[in-house]
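Each number in my numbering comes from the position in the sequence shown (counting from 1) with 147 added on.
Glycine included, every Cβ here is placed at the ideal spot set by N, Cα and C.
On a predicted model such as this, the values are computed, not experimentally measured, just so you know.
This report concerns only the one structure given below.
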Amino acid sequence: MDPLLFTALLLIGFVVAFAIGSNDEAMAPAVGAGVLSLNIAVVLGGVLTIIGAMFFGGGVSEKVGSELVSGNEMSIAMIFAIMISMTIWLLLASASKGLPISTTQCIVGAVIGIAVVAPFLGKEGWGIAAIDWFIILQILGGWVLSPIVGFVISAAVFRVVRKFQSRARGYTGHERQEKVASYGLAFFLIIVSLSRGGNDVANAVAPLVMLPDFQGTLSFGPFVISGVVVPLLIGGVGMALGLIVVGRKVIKTLATEVVTLTPTSALSASVSVALVMFVGTYLGLPLSGTHVMVAALIAVGWVSRGPIQMKQVKNILISWVITVPISAILGVIVFVLLNPFFPMP
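What follows is the structure in structure tokens.
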């Protein structure tokens, strides 16, 4: 591949990762519960995101990338279109309204849109038949089931926690429980951030992983590493910077504008998100951490019978519903514009 084009792909991958990081809400429970300040939360989340991307991102990247459209090699125009369309929608959602949307939905929508329109631009072997619908159904099942499981686990954990709280004696007893919950919250947020880093990096670098340049191994002097490490590192650093620079608005949305959080309720939600996302990442399933987080927060609000800001919940749900079609439309538009400048393989 031409070195200039290769560099451009890496830069776009970094920008996409930056956009994904700007929409990362993993630290919202700690901020909402007053355990971490917003500034400390974004820096800590950024560091954990890089670690998670490097150590847990490989399997999910393959699922979202090369397995989504079977038997076809993507053109440079397709890869650019996927990455640019994701960036546009993520940054719009993050910077304008602070809405937490699913990065997995962005890439799946873009890939489907491009695959469907490709035959009309002279690419044989593409179209609806080229899409691996079994993989799509797996991903769709994850989108539907993961928030349900997250809600159930979060509600169950918080019910147990509230039973222990009812046995506490006086203000001092409750205060001690909240302090202990703060330590537990910190532990589970580490797991959540590591898992989110591994899961979400796939959405940034999956198109890069499909490039022949990153197949096999790469040599750097005496060092030989797996080719996939390079895009994973780029994705991890990009997401970390996106979280630190732009991500505060999305964190504030979930930390303060959905339900009222305490250390114990935030811990219950984080336990749920940690379990669901860790299992999903371990199995290589591209789940939506955003879906799980919102469901878990609503669950603790429901159990505590506290106020749930349904207007904000409605806005979040609408953004989820429109993400796939908007990503598909953006992907098609960008692909049609770029296709004349890049030959199809």
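| Item | Value |
| --- | --- |
| Proximal residues to residue 260 (C-beta, below 6 Å), its chain only, five neighbours per side dropped | 475, 478, 479 |
| 8 Å contact criterion, which residue 417 and residue 336 should meet: CB distance rounded | 6 Å |
| Proximal residues to residue 441 (C-beta, below 8 Å), its chain only, five neighbours per side dropped | 247, 294, 401, 405, 460, 463 |
| Beta-bridge partners of residue 460, as assigned by DSSP | Bridge partners of residue 460: none, in fact. |
| Local conformation of residue 405 per DSSP, three classes | coil |
| Residues of its chain near residue 175, where Cβ-Cβ distance is below 6 Å and the 5 sequence neighbours each way are ignored | 398, 401, 402 |
| Coarse secondary structure for residue 338, derived from DSSP in three states | helix |
| 8 Å Cβ cutoff met for residue 493 and residue 383 | The structure shown does not extend to residue 493, since the chain spans only 148 to 492, so no value can be given for it. |
| Where residue 248 falls: helix, strand or coil (DSSP) | coil |
| Burial state of residue 186, where buried means 16 or more other Cβ atoms lie within 10 Å | exposed |
| Buried or exposed by the 16-neighbour rule on C-beta atoms within 10 Å, applied to residue 325 | buried |
| Alpha-carbon to alpha-carbon, residue 235 and residue 473 | 10 Å |
| The stretch 306-315 touching the stretch 408-422, judged by at least three CB pairs closer than 8 Å | yes |
| The stretch 223-239 / the stretch 445-454 touching (three or more Cβ pairs under 8 Å) | no |
| Closest residue to residue 276 among 285, 264, 268 (Cα-Cα distance) | 264 |
| Own chain residues within Cβ distance below 6 Å of residue 423, not counting five before or after | 293, 296, 297, 439 |
| Residue 455 - partner residues in DSSP beta bridges | 406 |
| CA-to-CA distance, residue 427 to residue 458, given in whole angstroms | 30 Å |
| 8 Å contact criterion, which residue 232 and residue 481 should meet: CB distance rounded | 5 Å |
| Residue closest to residue 304, alpha-carbon to alpha-carbon, out of 485, 421, 455 | 421 |
| Cβ-based neighbour list, residue 395, same chain, cut-off 7 Å, excluding 5 preceding and 5 following | 185, 189 |
| Whole-Å CB distance - residue 415 paired with residue 173, under 8 Å assumed | Wrong, their Cβ atoms sit about 16 Å apart, outside the cutoff. |
| Residue range of the alpha helix (DSSP H) that includes residue 273 | Where residue 273 is concerned, there is no enclosing alpha helix (DSSP H), given that its DSSP letter is neither H nor E. |
| Where residue 421 falls: helix, strand or coil (DSSP) | helix |
| Minimum C-alpha distance to residue 203 - residue among 419, 451, 378 | 378 |
| Three-state secondary structure (DSSP) of residue 482 | helix |
| Residue 241 beta carbon less than 8 Å from that of residue 169 | yes |
| Buried/exposed call for residue 273, threshold 16 Cβ in 10 Å | buried |
| Residue 189, DSSP secondary structure in three states | helix |
| Cβ pair residue 193, residue 388 closer than 8 Å | yes |
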